[in-house]
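Sequences listed follow chains G and B, in order.
Everything in the first sequence is counted per the numbering used here, starting at 15 for the first residue and increasing by one.
Everything in the second sequence is counted per the numbering used here, starting at 16 for the first residue and increasing by one.
Cβ atoms here follow ideal geometry from the backbone N, Cα and C, with glycine treated the same way.
Computed from a prediction, not measured in an experiment: that's the story for all the values here.
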Amino acid sequence: METAVIVFPGSNCDRDMAVALETVTGKQPHLVWHGDSELPSGLDVIAIPGGFSYGDYLRSGAMASRSNIIKPVMDAAQRGVRILGICNGFQILTEMGLLPGALMRNSNIHFVCKDAELDVINTDTIFTSGYSKDTPIVTPVAHHDGNFFADNDTLDRLENDGRVVFRYREDINGSSRNIAGIINEAGNVLGMMPHPERAIDEKHGGTDGLPLFESLLR
Amino acid sequence: MKVKIFVTLKDGVLDPQGKAIHHALESLDFSGVNDVRAGKLIELDVDPSVSREDIDKMCDKLLANTVIENYEIELPETAQGTVS
């Protein structure tokens, strides 16, 4: 498995992501700087990590989604390479147009930083085959702009097509229909606000994030 | 040429910042404010060769996220006739 983590100025979960990937693959991921115009060849998985790329200037993920590296990431997505966007990575994927909707300021204005309970709504994806629909999982959330918004037609379409993958068990940020993570139509691009890479070791306080990486990297 | 671009949230999109500002105004005892919507003003200083169409493209491609935002472009009065 060849993996890469894209690093932007202001990324702060890139190392956690790299550790999570290496824990499962046994192989160091490529760390790819946003200013590069090419990806390493033969990648199976590209991770877009959390953080505050470009200081969240203009909108969260807006500047990052116009970086040099984005064009090759788009091409890779079209070729079916698996793309995982966590937190700021999810915001970047929506700004790129790879996923629908937008992540807005949390409805209560506050930065939310805690463990959140999630239901895994769709376990029939390459990211979530290691989970069970009946067993909620706990992963950390840490974000200011996690309030998922899309128009009702888009939300209906996402739900009907099984593209809502994770849902908060309670309203933590005002997200439409408590959506925490969605997948693209082709099933190879996942964006989510919670942080599975921060829950892969007992020392983290939980390992509910590990099955995601094991599913993805299997 | 100075161009002003007003970026506002679309109708129906919840505006938590506007709500917080509204709440703060009320806590300062200003009454009669029915609603507050917060947006952005972006000022561009552009060459006269830049067309209205170019500015539209800038808005669509970067300055506004048209999933949630509308934008309005205000050209300087003297340029209104010449910029198409």
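(message) Within 10 Å of its beta-carbon, does Phe125(G) have 16 or more other beta-carbons around it, so buried, or fewer, so exposed?
(response) Here residue 125(G) refers to the residue found at position 111 when the first sequence is read from its first residue. Result: exposed.
(message) Let me see if you follow: with CB-CB separation under 7 Å, is Pro63(B) close to chain G or not?
(response) As a position in the second sequence, residue 63(B) is number 48, starting the count at 1. With 7 Å as the cut-off, Pro63(B) does not count as an interface residue toward chain G.
(message) If you follow the beta strand (DSSP E) that Gly99(G) is in, where does it begin and where does it stop?
(response) For the purposes of this step, residue 99(G) is taken as residue 85 along the first sequence, with counting starting at 1. DSSP places Gly99(G) in the uninterrupted beta strand (DSSP E) bounded by Arg96 to Ile100.
(request) Count the CB pairs spanning the region 55-71 of chain G and the region 99-111 of chain G that are closer than 8 Å, and state whether there are at least three. (result) In short, these stretches touch, since the Cβ pair count reaches three.
(request) For Val87(G), I'd like the list of residues in its chain whose CB is within less than 8 Å of its CB, leaving aside the five on either flank, ordered along the chain. (result) The residue you call residue 87(G) lines up with position 73 of the first sequence. If we look at Val87(G) and ignore the five residues flanking it on each side, its Cβ neighbours are Ile20, Leu53, Ile60, Ile62, Ile97 and Met110.
(message) According to DSSP, is Phe163(G) part of a helix, a strand, or is it coil?
(response) Start at 1 with the first residue of the first sequence, and residue 163(G) comes out as number 149. In the three-state reduction of the DSSP assignment, Phe163(G) falls in the strand class.
(message) Below 7 Å on C-beta distance, what does Gly220(G) contact in chain B?
(response) On the first sequence, position 206 is the one that residue 220(G) refers to. Within chain B, no residue comes near Gly220(G); the closest Cβ sits about 30 Å away, beyond 7 Å.
(request) Going by CA-CA distance only, name the one from Arg73(G), Ala194(G) and Leu231(G) that's closest to Asn136(G). (result) Taking the first residue of the first sequence as 1, we reach residue 136(G) at position 122. It is Ala194(G) whose Cα lies nearest to the Cα of Asn136(G).
(message) Taking only three categories from DSSP, how would you classify Asn85(B)?
(response) Walking along the second sequence from the start, residue 85(B) turns up at place 70. Three-state result, Asn85(B): strand.
(message) Measuring only the C-alpha atoms, how far is Ser99(B) from Ser66(B)?
(response) Taking the first residue of the second sequence as 1, we reach residue 99(B) at position 84. Taking the first residue of the second sequence as 1, we reach residue 66(B) at position 51. With a pLDDT of 40 at Ser99(B), under the threshold of 50, the modelled position of that residue is not reliable, and no figure is offered here.
(request) Whole angstroms is fine: what's the gap from Asp215(G)'s alpha carbon to Gly75(G)'s? (result) Here residue 215(G) is taken as the residue at index 201 of the first sequence, counted from 1. Here residue 75(G) is taken as the residue at index 61 of the first sequence, counted from 1. Taking the straight line from one Cα to the other gives about 28 Å.
(message) Please return the same chain residues whose Cβ sits closer than 7 Å to the Cβ of Ala53(B), not counting the five positions on each side in sequence.
(response) As a first step, residue 53(B) must be located in the second sequence, where it is residue number 38. Within the same chain, Cβ atoms closer than 7 Å to the Cβ of Ala53(B) are found at Asp30, Gln32, Gly33 and Ile36, the five residues on either side in sequence being excluded.
(message) Please list the terminal residues of the continuous beta strand (DSSP E) segment that includes Ile197(G).
(response) Translated into positions along the first sequence, residue 197(G) becomes position 183. Segment Ile193 to Ile197, the beta strand (DSSP E) holding Ile197(G).
(request) Return the chain-ordered list of same chain residues with a C-beta closer than 7 Å to the C-beta of His158(G), the five sequence neighbours on each side being excluded. (result) Residue 158(G) sits at position 144 when you count from the first residue of the first sequence. Excluding its 5 nearest sequence neighbours in each direction, His158(G) has C-beta neighbours in its own chain below 7 Å: Arg119, Asn120 and Phe125, listed in chain order.
(request) Please compile the residues from chain B whose C-beta is within a distance smaller than 8 Å of the C-beta of Ala61(G). (result) The residue given as residue 61(G) occupies position 47 in the first sequence. The contacting residues do not exist; Ala61(G) stays about 23 Å from chain B at best.
(message) With a threshold of 8 Å on Cβ separation, who are the neighbours of Glu228(G) within its own chain once the five nearest residues in sequence on each side are excluded?
(response) By 1-based counting over the first sequence, the position of residue 228(G) is 214. Close CB contacts of Glu228(G) within its chain, under the 8 Å cut and outside five residues either way in sequence, are with Val38 and Gly144 (chain order).
(message) Please report the distance separating the alpha-carbon of Phe21(B) from that of Glu87(B).
(response) Looking up residue 21(B) in the second sequence gives position 6. Looking up residue 87(B) in the second sequence gives position 72. Looking at the two C-alpha atoms, the distance is approximately 5 Å.
(message) Among His48(G), Asn192(G), Pro225(G) and Gly49(G), whose alpha-carbon lies nearest the alpha-carbon of Ala130(G)?
(response) Here residue 130(G) refers to the residue found at position 116 of the first sequence. Closest option to Ala130(G), judged by alpha-carbon separation, among His48(G), Asn192(G), Pro225(G) and Gly49(G): Asn192(G).
(request) Throw me the rounded Cβ distance for the Leu107(G) and Val203(G) pair, which I believe falls under 8 Å. (result) Working through the first sequence from its first residue, we reach residue 107(G) at position 93. Working through the first sequence from its first residue, we reach residue 203(G) at position 189. About 6 Å separates the Cβ atoms of Leu107(G) and Val203(G), confirming a contact at the 8 Å cut-off.
(request) Assuming Phe180(G) and Gly115(G) form a contact by the criterion Cβ under 8 Å, report the distance between their Cβ atoms to the nearest whole angstrom. (result) Start at 1 with the first residue of the first sequence, and residue 180(G) comes out as number 166. Start at 1 with the first residue of the first sequence, and residue 115(G) comes out as number 101. No, Phe180(G) and Gly115(G) are not in contact; Cβ-Cβ is about 14 Å, not under 8 Å.
(message) Looking at chain B, is there any beta carbon in it that lies within less than 7 Å of the beta carbon of Leu230(G)?
(response) If you number the first sequence from 1, residue 230(G) lands on position 216. Closer than 7 Å: no.
(request) Mind checking which residues open and close the alpha helix (DSSP H) that includes Lys85(G)? (result) Residue 85(G) sits at position 71 when you count from the first residue of the first sequence. First-last of the alpha helix (DSSP H) with Lys85(G): Ile84 to Arg93.
(request) Quick one: measure Cβ to Cβ for Glu84(B) and Lys25(B), integer angstroms, because I've assumed they're closer than 8 Å. (result) Position 69 of the second sequence, counted from the start, is the residue given in the question as residue 84(B). Position 10 of the second sequence, counted from the start, is the residue given in the question as residue 25(B). Confirmed, Cβ separation roughly 6 Å.
(message) Taking a contact to mean a Cβ-Cβ separation below 7 Å, would you say Ile151(G) touches Asp222(G) in this structure?
(response) Residue 151(G) sits at position 137 when you count from the first residue of the first sequence. Residue 222(G) sits at position 208 when you count from the first residue of the first sequence. For Ile151(G) and Asp222(G), yes; Cβs fall inside 7 Å.
(request) Could you list which residues in chain B have their beta carbon closer than 7 Å to that of Phe125(G), in chain order? (result) Position 111 of the first sequence, counted from the first residue, corresponds to residue 125(G). The contact set of Phe125(G) on chain B, defined by CB atoms closer than 7 Å, is empty, because the minimum CB distance reaches about 12 Å.
(request) Name the one or two DSSP bridge partners that Ala130(G) has. (result) Position 116 of the first sequence, counted from the start, is the residue given in the question as residue 130(G). DSSP output for Ala130(G) lists Thr153(G) as bridge partner(s).
(request) Measure the Cβ-Cβ separation of Arg212(G) and Asp89(G) and say whether it is below 7 Å. (result) In the first sequence, counting from the first residue as 1, residue 212(G) sits at position 198. In the first sequence, counting from the first residue as 1, residue 89(G) sits at position 75. Asp89(G) is positioned such that its CB atom lies no closer than 7 Å to that of Arg212(G).
(message) Strictly under 7 Å for the Cβ-Cβ distance: is Ala39(B) near chain G by that measure?
(response) Along the second sequence, read from residue 1 onward, the residue named residue 39(B) stands at position 24. Ala39(B) does not count as touching chain G.
(message) So that I know if they touch, is there some Cβ in chain B lying closer than 7 Å to that of Phe163(G)?
(response) Here residue 163(G) corresponds to residue number 149 of the first sequence, with the count starting at 1. Using a CB distance cut-off of 7 Å, Phe163(G) counts as an interface residue toward chain B.
(request) Return yes when the Cβ of Val18(B) is within less than 7 Å of the Cβ of Leu90(B), no when it is not. (result) Within the second sequence, residue 90(B) is the residue found at index 75, counting from 1. Within the second sequence, residue 18(B) is the residue found at index 3, counting from 1. Yes, these two residues count as a Cβ contact at 7 Å.
(request) Take the Cβ of Gln92(G) as the centre, count every other Cβ of all protein chains shown within 10 Å, and call the residue buried at 16 or more, exposed below. (result) On the first sequence, residue 92(G) is found 78 positions in, with the first residue counted as 1. Label assigned to Gln92(G): exposed.
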